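Residue numbers for the sequence shown, in mature numbering (1 follows the signal peptide of the UniProt record, and there is no 0): -24 to -1, 1 to 306. Quick notes on the structure that follows.
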Amino acid sequence: MARFSQITLCAGIAISLLAGSARAEMSNVRVATQIGLPYLPLIVMQHDKLWEKKAKQAGEDVTVEYAQLGGGGPLNDALLSDSIQIASAGVAPLLVLWDRTLPNYKVKALSAINASPMFILTNKPNIKSVKDFGPDDRIAVASVKVSINAIVLQMAAEQATGKWDALENIQVAMAHPEAFAALTTRSGGITGYVANSPFQDRALQVPGISKVVDSFEVQGGPASLSLIYAKSAFVKDNPKLTAAFIAAQKEAVASIKADPKGAIDKYIAVTGDKTDRGILEGLITSPTWNFDLEPKGTMKVADFIVKTGLLKHKPASWKDYFFDTVANGD
């Protein structure tokens, strides 16, 4: 009888521990993004504590911390080191990390966050085309070779010169605020900048700054600029938090569409951005902008960087590097 009771007790403890383990999801999570208006849904989520709210509705208490980092490279490093659990950066950084972590962490995208054009800008009046950049020029990109800015520059270089690597030696890694300052003040030798909003829109208000080409022209139409991604272990171990995240992102996007002015209020409150709010409101209501969760045009980027050798594994479709958190895309 004593033996039976001991076995029963041990079994009860084991079941209790397993049940507790099944319920235990992370109580503290960290999110990091690049800098700029394309990350507005995450900024709204931060301001309104939407992820926390949706998690609470699912029975999970979570504290969320948000940070901004300069480029896709630092974001990927932070994700791999578990300094953050969710990263949001350009399409290319996600593809690179998916490719390199297939044997272990299996990083994939949860959703797209924004489709909007990037401008290749210059402060030199003689540069009218990408092929006009020379060896003495310097073009600022978020991260050399691996950022979506750098990949679009490679695509543009191939279209203009026939060589995708024609401008590789004149790329300089700079965070957007520093790149904007260098281009507009003509400092540090920066003569070109692959930008995003609102930095490109502010730059074009400065005399002598002009647009050479934009990413939609280069990519043949609208395309996702940035994605949100995580390690597979996080998604597997935190199913309620993952579902709550997607629900929170959808609510943020709906609120941006319903109240653009209110969304910009939140953006300014969180970021302190000094851009004229008329510009900001005009951008997020522009037909060239959307915050859909479904990816667009990502396979074009994947195919291109397979060709250049940046990716070692060729995805068969966009679903290879996305979790099943979104149903449609390309």
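Quick reminder that beta carbons are idealized off the backbone N, C-alpha and C, glycines included. In this text the structure is predicted, and so the values were computed from the model without any measurement.
| Query | Result |
| --- | --- |
| For Cys(-15), name the three-state secondary structure that DSSP assigns. | Note that Cys(-15) scores a pLDDT of 45, beneath 50, so its modelled location is shaky; the value from the coordinates is reported in the next line. It is helical. |
| CA-CA distance, Ala126 and Ala88? | 19 angstroms |
| Taking the continuous alpha helix (DSSP H) assigned at Asp75, which residues delimit it? | Val67 to Arg76 |
| Just the C-alpha distance for Val246 and His23, rounded to the nearest angstrom, thanks. | 7 angstroms |
| In angstroms, rounded to a whole number, what distance separates the CA positions of Ile(-12) and Ile232? | Because the pLDDT of Ile(-12) is 42, which lies under 50, any placement of that residue in the model is unreliable, and the question is left without a value. |
| Alpha carbons only, please: which of Asp37, Gly168 and Gln44 is nearest the one belonging to Ser3? | Asp37 |
| Take Val86 as the anchor and find which of Ala278, Phe280, Leu269 and Leu287 has the nearest alpha-carbon. | The residue asked about is misnamed: residue 86 is Leu in this sequence, not Val. Nearest of Ala278, Phe280, Leu269 and Leu287 to Leu86, Cα basis: Leu269. |
| Pop quiz: Leu55 and Ser173 are said to be a contact at Cβ under 8 angstroms. What is the actual Cβ separation, rounded to whole angstroms? | About 24 angstroms; that fails the 8 angstroms criterion. |
| What would DSSP say about Ser293, mapped onto helix, strand or coil? | coil |
| What does the alpha-carbon distance come out to for the pair Ala220 and Asp300? | 14 angstroms |
| Does Asn52 come out as helix, strand or coil in the three-state DSSP assignment? | helix |
| Using a threshold of 7 angstroms, state whether the C-beta atoms of Arg114 and Val170 are closer than that. | no |
| Within the chosen definition, does the region 66 to 73 reach the region 120 to 134 through at least 3 CB pairs nearer than 8 angstroms? | yes |
| Can you say whether Gln181 is buried or exposed, counting buried as having 16 or more other CB atoms within 10 angstroms of its CB? | exposed |
| Only counting runs of 3 or more residues, tell me where the beta strand (DSSP E) segments fall wholly within the region 180 to 255, in order along the chain. | 186 to 190 and 200 to 206 |
| Among residues of its own chain, excluding the 5 on either side of His152, which ones have a beta-carbon nearer than 8 angstroms to its beta-carbon? | Gln10, Ile11, Gly12, Gly46, Ala118, Ala171, Asn172 and Phe175 |
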